[in-house]
Amino acid sequence: MGSAEAHVEAGGRSVRISSPDKLLFPDAGITKRDLATYYADVADGLFRGLANRPVALNRFPDGLGGKSFFTKSAPKGLPDWASTAHVTFPSGRTGDEVCVTEPATVLWTVQMGTLELHAWPVREADTDHPDELRIDLDPQPGTEFAEAVEVAREAYALFEELGIRPFVKTSGGRGLHLLVRIEPRWTFVQARRAVIALARELERRRPELVTTSWWKEERGERIFIDFNQMARDRMTVAPYSTRARPDAPVSMPVRWTDLGDVAPGDFTVKTVPALFAENGDANAEIDDTAHSLEALLELAERDEKD
Ligand code: ATP
Ligand code: MN
Ligand code: MN
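Residue numbers (numbering that gives the first Met the number 0): 0 to 305.
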């Protein structure tokens with residue numbers, strides 16, 4: 000018989016986990032308690048990526064394999080210490096999403112059966128101006144993670160020319176996400192233009208490797224830079240979040256110097272705590288500098304004149 004409840008602590012707050020022995024990832028043998036403990040183990044890196052961001056929750060109350068709910072509006076039963084962030088959707092409608100104000104917020108999402116946290120690229124104080132550029136590198140059929148790594152490196156070189164320091168994480172799926180901390184003073188439309196400009200320049204430099212074609216038939220065996228991911232109400236899975244897949248993969252920040260030596264399958268709920276304890280958060284310096292978007296917006300302007 001399992002115990003009726005457990006308490007797991009992160010960032011100085013203890014969160015009640017009911018049915019702690021319930022399997023959330025049945026194939027991997029990972030319980031609710033295991034998942035909450037995982038997030039407590041990586042709390043420092045997890046919170047760096049999520050602090051004061053509105054999040055949508057992909058919830059599986061009966062575990063993977065059971066019914067699921069993609070929840071944007073904050074679910075009922077939010078603890079009194081937790082809070083929400085007010086966001087505006089593309090339609091103009093507004094809503095209140097769970098806001099991660101401390102690591103324990105994530106533990107509470109586990110209590111709610113969450114297997115994936117998807118974060119807005121904004122903070123609660125200003126949900127109309129992104130503070131993070133996200134570049135979604137999607138391997139198309141015939142390409143793999145290795146090609147995504149090659150594109151990431153090409154992007155790194157271009158960012159370096161522009162004086163911008165990018166960070167990188169696995170998606171927990173097949174590809175990679177690049178992250179750039181920006182000053183929160185441009186609109187979603189401008190942030191998307193900046194990503195499109197970057198993507199088109201990479202496509203010009205490496206046409207055999209990169210595509211920005213919206214039409215799948217035209218993409219070929221290349222890495223698609225999914226620029227539509229940088230838009231209002233488009234989220235990206237949070238760093239250290241699990242993905243709802245049988246082996247409990249994790250979206251893992253990676254140092255640029257390590258990128259050539261990793262595979263997405265290296266990072267799961269079972270492997271990441273030890274890696275994190277040993278190496279710390281590969282994105283620990285992401286908040287050091289908030290970059291200007293001007294260089295990329297100039298590139299966009301040149302692009303649009305051509
Ligand atoms: P991969 O590397 O395999 O592409 P990914 O997480 O980047 O994995 P995408 O399909 O490129 O997957 O989607 C990018 C992001 O968009 C995801 O990280 C997730 O936050 C969000 N997303 C994708 N599909 C959905 C969906 N069906 N519902 C909600 N959010 C989604
Ligand atoms: Mn992707
Ligand atoms: Mn995508």
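We put the beta carbon where it would ideally sit given N, CA and C, even for glycine. Keep in mind that this is a model prediction, so the values were computed, not measured.
Is residue i near ligand 2, going by C-beta to nearest heavy atom under 8 Å?
i: residue 176; result: yes
i: residue 172; result: yes
Per DSSP, what kind of secondary structure is residue i in: helix, strand or coil?
i: residue 44; result: helix
i: residue 77; result: coil
i: residue 123; result: coil
i: residue 282; result: coil
i: residue 109; result: helix
i: residue 264; result: helix
i: residue 326; result: Only positions 0 to 305 of the chain appear in this structure, which leaves residue 326 out of reach.
i: residue 36; result: helix
i: residue 237; result: coil
i: residue 9; result: strand
i: residue 137; result: strand
i: residue 23; result: strand
i: residue 14; result: strand
i: residue 306; result: Because the chain spans 0 through 305 in this model, residue 306 falls outside it and cannot be assessed.
i: residue 252; result: strand
i: residue 222; result: strand
i: residue 71; result: coil
i: residue 215; result: helix
i: residue 63; result: coil
i: residue 164; result: coil
i: residue 94; result: strand
i: residue 151; result: helix
Our contact map puts residue i next to residue j with C-beta atoms below 8 Å; I'd like the distance itself, whole angstroms only.
i: residue 32; j: residue 112; result: That belief does not hold up - the Cβ atoms of residue 32 and residue 112 are roughly 13 Å apart, past 8 Å.
i: residue 296; j: residue 228; result: The Cβ separation is near 18 Å, so there is no contact.
i: residue 118; j: residue 201; result: The pair is not a contact, with the Cβ atoms about 24 Å apart (cut-off 8 Å).
i: residue 108; j: residue 95; result: Actually they are not in contact, since the Cβ atoms of residue 108 and residue 95 sit about 15 Å apart, beyond 8 Å.
i: residue 183; j: residue 129; result: 7 Å
i: residue 310; j: residue 179; result: The chain is shown only over 0 to 305; residue 310 falls outside these bounds and no answer can be derived.
i: residue 4; j: residue 13; result: The pair is not a contact, with the Cβ atoms about 11 Å apart (cut-off 8 Å).
i: residue 52; j: residue 99; result: 6 Å
i: residue 135; j: residue 225; result: 4 Å
i: residue 253; j: residue 169; result: 7 Å
i: residue 280; j: residue 44; result: 3 Å
Indicate, with yes or no, if ligand 1 has a heavy atom lying under 8 Å from the CB of residue i.
i: residue 242; result: yes
i: residue 148; result: no
i: residue 121; result: no
i: residue 282; result: no
i: residue 51; result: no
i: residue 251; result: no
i: residue 233; result: yes
i: residue 278; result: no
i: residue 88; result: no
i: residue 97; result: no
i: residue 236; result: yes
i: residue 55; result: yes
i: residue 6; result: no
i: residue 117; result: yes
i: residue 69; result: yes
Between the options, which lies nearest to residue i when the distance is taken from Cα to Cα?
i: residue 284; options: 209, 91, 166; result: 166
i: residue 116; options: 128, 125, 102; result: 102
i: residue 209; options: 16, 138, 72; result: 138
i: residue 301; options: 241, 245, 192; result: 192
i: residue 133; options: 177, 149, 122, 145; result: 177
i: residue 271; options: 247, 292, 185; result: 247
i: residue 232; options: 88, 3, 21; result: 88
i: residue 186; options: 293, 140, 37; result: 293
i: residue 291; options: 5, 181, 2, 13; result: 181
i: residue 255; options: 175, 7, 99, 121; result: 175
i: residue 268; options: 214, 114, 64; result: 114
i: residue 264; options: 150, 277, 244, 18; result: 244
i: residue 73; options: 61, 230, 93, 62; result: 93
i: residue 64; options: 71, 44, 22; result: 22
i: residue 39; options: 240, 278, 52; result: 240
i: residue 9; options: 195, 105, 144, 60; result: 105
i: residue 152; options: 127, 110, 125, 204; result: 204
i: residue 303; options: 197, 28, 278; result: 197
i: residue 34; options: 6, 278, 281; result: 6
i: residue 69; options: 236, 195, 274, 218; result: 236
i: residue 154; options: 144, 194, 171; result: 194
i: residue 160; options: 298, 2, 11, 1; result: 298
i: residue 55; options: 67, 19, 91; result: 67
i: residue 206; options: 76, 150, 42, 62; result: 150
Going by the C-beta, is residue i closer than 8 Å to any heavy atom of ligand 5?
i: residue 39; result: Questions concerning ligand 5 fall outside what the structure shown contains, since the ligands it does hold are ligand 1, ligand 2 and ligand 3.
Contact set, ligand 3 heavy atom to C-beta under 6 Å: 135, 137, 225, 228
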